[in-house]
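Comments concern the structure below.
Protein chains in written order, with our numbering: chain X, 1 to 186; chain V, 1001 to 1264.
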């Protein structure tokens, strides 16, 4: 994406405070796109969109949640435009059925990895397990980890708070089931 | 509340998000239901895994500079590495850094947060030693028995210090984990106290920032363990015990001298 330079006089002062969220936004972008370059583009696009919409925000808007919502929407837009890519991954909002995560022949516990097993999981394994989940499942887990409340996550995803609760519980269960697979191979 | 209701609320309960009388109801249920208590432990273990081992990707400096330009706020260039080493070198012995961590949980910087996380990990490993029926996989017949046992089990060769003129007695060793990497877990007895020495690869871990003056160390305020961290070359060391902080610190000095060898 071509880089558009906004002059100092055009960026509102308060907008500059949004830079503090760059790391958190990039982290989510990395887990959504699975590619460092795509993640950079996505974050840059997010900030460009944010600047363009800055004056249209409600005065008491939660800026961090707002930025995350922009990023998520930008991600969905990008992926709809790239449907012709051979490796295109359909944007997936479905929650992983907990039964499907075990698969045939799994020796995992129905409750997923036990605490003792989870303590043996290394970084690459937890990252890989997270990447097997749907986009929205990854999003709710990462936003919860980032400290967002369920109400804030609901704003980002455009759904009810109750839906966030159930998605988060399902996502965590699916993650534990996937981790049990890794733990049993370790 | 039935078990299904409780287990669906466990994450929210642990995060303090339940309102009204729900926290008390969940708490009461957990006290009397082993299955749900176990489910709570799984939630806690998953949280620890996500918080401590899931890689967190920071925005690259080049991206931050571009964003800064976008906002009209140029990002300063990072300080040169040699300057950082010089400032830190004023406070540390050559090739090793000695840190007693204060109650870092109260600080707000991301570096101190990472340091607190490292101390927390060290205490968790020590607690596993305390709780285990078999805290060592190789019982000590002296350091010459324990050290060779690690060969092939770790991607580094840990020194196994034994301070024979002190009351610190080597009990043995095992392989454990510090965050995402394998560690040598050396277990000692100091009179009635167990002392754990963790040895692990330090690369990629946030180490205390330069310029911190040493201060007496404790882990979190609720657990009362003393932790001493130091680094020698590319290996990090964490010494954990409920033994007297002063004595532990003196032992750490001796152990650090014993682990600082040539060619590491």
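In this text, a Cβ means the ideal position worked out from N, Cα and C, and glycines have one as well.
CB contact below 8 Å: residue i versus chain V
| i | result |
| --- | --- |
| residue 252 of chain X | Because chain X spans 1 through 186 in this model, residue 252 of chain X falls outside it and cannot be assessed. |
| residue 152 of chain X | no |
| residue 182 of chain X | no |
| residue 108 of chain X | Residue confidence for residue 108 of chain X is low, a pLDDT of 45 falling below 50, so the modelled location carries little weight; the figure read from the coordinates is stated next. By this cut-off, residue 108 of chain X is not an interface position. |
| residue 158 of chain X | no |
| residue 59 of chain X | no |
| residue 56 of chain X | no |
| residue 37 of chain X | no |
| residue 15 of chain X | yes |
| residue 26 of chain X | yes |
| residue 162 of chain X | no |
| residue 62 of chain X | no |
| residue 34 of chain X | no |
| residue 170 of chain X | no |
| residue 176 of chain X | yes |
| residue 71 of chain X | no |
| residue 167 of chain X | no |
| residue 78 of chain X | no |
Reduced DSSP secondary structure (H/G/I, E/B, other) of residue i
| i | result |
| --- | --- |
| residue 132 of chain X | coil |
| residue 51 of chain X | helix |
| residue 21 of chain X | helix |
| residue 1197 of chain V | strand |
| residue 1017 of chain V | coil |
| residue 151 of chain X | helix |
| residue 1139 of chain V | strand |
| residue 69 of chain X | helix |
| residue 1004 of chain V | helix |
| residue 1096 of chain V | Here the model assigns residue 1096 of chain V a pLDDT of 39, short of 50, so the residue's position is not dependable, and the following value carries that caveat. In this structure, residue 1096 of chain V counts as strand in the three-state DSSP scheme. |
| residue 161 of chain X | helix |
| residue 137 of chain X | helix |
| residue 176 of chain X | helix |
| residue 76 of chain X | helix |
| residue 1023 of chain V | helix |
| residue 30 of chain X | helix |
| residue 126 of chain X | helix |
| residue 1028 of chain V | helix |
| residue 1204 of chain V | coil |
| residue 1134 of chain V | coil |
| residue 169 of chain X | helix |
| residue 1154 of chain V | coil |
| residue 1124 of chain V | helix |
Neighbour flag for residue i against chain X, beta carbons, 8 Å
| i | result |
| --- | --- |
| residue 1119 of chain V | no |
| residue 1064 of chain V | yes |
| residue 1029 of chain V | no |
| residue 1127 of chain V | no |
| residue 1109 of chain V | Note that residue 1109 of chain V has pLDDT 43, beneath the 50 cutoff, so the model's placement of it is unreliable and the number below is only indicative. No - not a single Cβ of chain X is within 8 Å of the one on residue 1109 of chain V. |
| residue 1072 of chain V | yes |
| residue 1019 of chain V | no |
| residue 1055 of chain V | yes |
| residue 1247 of chain V | no |
| residue 1190 of chain V | no |
| residue 1022 of chain V | no |
| residue 1130 of chain V | no |
| residue 1238 of chain V | no |
| residue 1016 of chain V | no |
| residue 1219 of chain V | Residue placement at residue 1219 of chain V cannot be trusted, given a pLDDT of 39 that sits under 50; what the coordinates show is reported in the next sentence. By this cut-off, residue 1219 of chain V is not an interface position. |
Residue i, enclosing alpha helix (DSSP H) - first and last residue
| i | result |
| --- | --- |
| residue 1246 of chain V | 1245-1259 |
| residue 1226 of chain V | Counting along the chain, residue 1226 of chain V falls outside any alpha helix (DSSP H), though it belongs to the beta strand (DSSP E) covering 1226-1232. |
| residue 1068 of chain V | 1061-1071 |
| residue 115 of chain X | 115-118 |
| residue 16 of chain X | 13-16 |
Boundaries of the beta strand (DSSP E) in which residue i is found, first to last residue
| i | result |
| --- | --- |
| residue 1181 of chain V | 1181-1190 |
| residue 1238 of chain V | 1235-1241 |
| residue 1040 of chain V | Run containing residue 1040 of chain V: none in the beta strand (DSSP E); it sits in the alpha helix (DSSP H), 1034-1053. |
| residue 1169 of chain V | 1168-1178 |
Under 7 Å from the C-beta of residue i: neighbouring residues of chain C
| i | result |
| --- | --- |
| residue 1059 of chain V | No chain C appears in this structure, whose protein chains are X and V. |
Problem - Segment contact, 8 Å Cβ cut-off, at least three pairs: the segment 1179-1188 of chain V with the segment 121-136 of chain X - result: Yes, the segment 1179-1188 of chain V is in contact with the segment 121-136 of chain X.
Practice task
Would you list, in chain order, the members of the segment 118-147 of chain X that have their beta-carbon closer than 9 Å to a beta-carbon of chain V?
Solution key: Within the segment 118-147 of chain X, the qualifying residues are 118, 119, 120, 121, 122, 123, 124, 125, 126, 127, 130, 141, 142, 144 and 145.
Practice task
Mind checking the segment 1169-1180 of chain V against chain X and listing, in chain order, the residues whose C-beta falls within less than 8 Å of any C-beta there?
Solution key: If the cut-off is 8 Å between Cβ atoms, the segment 1169-1180 of chain V has 1177, 1179 and 1180 near chain X.
Exercise for the section: Kindly confirm or deny that the segment 1006-1021 of chain V and the segment 1031-1038 of chain V touch, where touching means at least three C-beta pairs closer than 8 Å. Expected result: These segments touch.
Practice task
Specify whether the segment 25-38 of chain X and the segment 56-75 of chain X touch according to this definition: at least 3 beta carbon pairs, one from each stretch, less than 8 Å apart.
Solution key: Result yes; three or more Cβ-Cβ pairs closer than 8 Å.
Practice task
Pair every Cβ in the segment 1012-1029 of chain V with every Cβ in the segment 171-179 of chain X, then say whether three or more of these pairs are closer than 8 Å.
Solution key: Contact check between the segment 1012-1029 of chain V and the segment 171-179 of chain X: fewer than three CB pairs, one atom from each, fall below 8 Å, which does not count as touching.
Handout entry: Touch test, the segment 1060-1067 of chain V against the segment 34-51 of chain X, Cβ-Cβ under 8 Å, three pairs minimum
Key = Contact annotation: the segment 1060-1067 of chain V touches the segment 34-51 of chain X, with at least three C-beta pairs closer than 8 Å.
Exercise for the section: Report the residues of the segment 38-54 of chain X with a CB closer than 9 Å to any CB of chain V, ordered along the chain. Expected result: So the close ones are 39, 40, 43, 44, 47, 48 and 51.
Practice task
Tell me, please, whether the segment 1120-1140 of chain V touches the segment 1158-1174 of chain V by the rule of three or more beta-carbon pairs shorter than 8 Å.
Solution key: Touching, yes, given that three or more Cβ pairs across the two stretches are closer than 8 Å.
Exercise for the section: Count the C-beta pairs between the segment 1125-1133 of chain V and the segment 1158-1170 of chain V that are closer than 8 Å, then say yes if the count reaches three, no if not. Expected result: Taking 8 Å as the limit for Cβ pairs, the verdict is that the segment 1158-1170 of chain V does not touch the segment 1125-1133 of chain V.
Handout entry: Selection of the segment 1193-1206 of chain V by Cβ proximity to chain X, strictly under 7 Å
Key = The residues in question: there are none.
Problem - chain X contacts from the segment 1143-1158 of chain V (Cβ-Cβ distance under 7 Å) - result: Cβ contacts with chain X: none found.
Handout entry: Inter-stretch contact (C-beta, 8 Å, three-pair minimum) for the segment 1238-1246 of chain V and the segment 1140-1151 of chain V
Key = Fewer than three beta-carbon pairs drawn from the segment 1238-1246 of chain V and the segment 1140-1151 of chain V are found closer than 8 Å, and the two stretches are therefore not classed as touching.
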